[in-house]
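A.B. asks:
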Ligand SMILES: [Zn+2]
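In the numbering used here, the protein residues as written are 28 to 291.
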């Protein structure tokens, strides 16, 4: 069986970031986040191969990609990296993927006490709703994994809020809580080594229960509602000539799509 491990950084163990900053190259925790992400990915990779996986692909997708030190990744993986992909997961459509793992993911934008919560872009969106329900990157990537790879999400690691949201929408997954959020930049953190042990155990468990995993789907046509932080962005989106868009209020647009790939 073949697997994709999609790697973000905000949900990696012991990462809390600093106020008013994203997890960018200048952030005091960026280097640790990248190194610990490699350790967490390597544990998941080892668990998958120990269970008999044929191939594991790692997608380095935080920010503009190119975060991880590829030399330190398990040498059995292939790596999807860089920007300008046609869709999320592009390049892996023909690989016959059986399951997708989301490592280092985080809670959606409209979560009160979650570490580094945002949806897609913390400086641009207040929230994204699909069919009248707010969603985060966990739900969006689960929909895109189903659409582009025909594969279910089988495992998620995140803070407690992110895992709670993941289980609500994807109740079949196995998961690891990497830390308990106290606020946007504070948490009660599990030791990184403990998280590594838990990832190994729970990814193995996910592999053993692969038959229970489901492709995440929602009703079509999909109604998209996006609330921007700046009304100029809502106005600019409203003037787009590629979609029929309605302005709900100065900050919020809505439009319908038939395929989740059309969301952006
Ligand atoms: Zn990220």
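The beta-carbon is built from N, C-alpha and C at its ideal position, and this holds for glycine as well.
1. Measure the Cβ-Cβ separation of residue 214 and residue 220 and say whether it is below 8 Å.
2. Pop quiz: residue 181 and residue 237 are said to be a contact at Cβ under 8 Å. What is the actual Cβ separation, rounded to whole angstroms?
3. Taking only runs that begin and end inside the stretch 32-82, name each unbroken beta strand (DSSP E) of 3 or more residues, in chain order.
4. Assign residue 133 to one of two classes, buried (16 or more other C-beta atoms within 10 Å of its C-beta) or exposed (fewer than that).
5. Note the first and the last residue of the continuous alpha helix (DSSP H) segment covering residue 142.
6. In whole angstroms, what is the alpha-carbon distance linking residue 278 and residue 146?
7. Spatial neighbours of residue 203 within its chain, please: C-beta separation below 6 Å, excluding the five flanking residues on both sides.
8. In whole angstroms, what is the alpha-carbon distance linking residue 267 and residue 260?
9. Looking at the strands, I want to know which residues DSSP matches up with residue 84.
10. Which term fits residue 53, buried or exposed, when burial requires 16 or more other beta carbons within 10 angstroms of its beta carbon?
11. Does DSSP classify residue 99 as helix, strand or coil?
C.D. replies: Reading it off the structure:
1. Start at 1 with the first residue of the chain shown, and residue 214 comes out as number 187. Start at 1 with the first residue of the chain shown, and residue 220 comes out as number 193. Taking 8 Å as the Cβ cut-off, residue 214 and residue 220 do not qualify as a contacting pair.
2. One-based indexing of the chain shown puts residue 181 at position 154. One-based indexing of the chain shown puts residue 237 at position 210. Contact holds; Cβ gap of about 7 Å.
3. The qualifying runs do not exist here; there are none.
4. Within the chain shown, numbered from 1, the residue matching residue 133 stands at position 106. That one is buried.
5. In the chain shown, the residue the question calls residue 142 occupies position 115. Premise fails: residue 142 is in no alpha helix (DSSP H) and is neither H nor E.
6. Taking the first residue of the chain shown as 1, we reach residue 278 at position 251. Taking the first residue of the chain shown as 1, we reach residue 146 at position 119. Distance between the alpha carbons of residue 278 and residue 146 is about 16 Å.
7. The residue labelled residue 203 in the question sits at position 176 within the chain shown. Closer than 6 Å at the Cβ level, and outside the excluded window around residue 203, lie 184, 225, 226, 229.
8. Locating residue 267 in the chain shown gives position 240, counting from the first residue. Locating residue 260 in the chain shown gives position 233, counting from the first residue. Taking the straight line from one Cα to the other gives about 11 Å.
9. Numbered from its first residue, the chain shown carries residue 84 at position 57. BP columns for residue 84 point to 31, 105.
10. The count along the chain shown starts at 1 and reaches residue 53 at position 26. Exposed, since its Cβ has fewer than 16 Cβ neighbours within 10 Å.
11. On the chain shown, position 72 is the one that residue 99 refers to. Correct three-state label for residue 99: helix.
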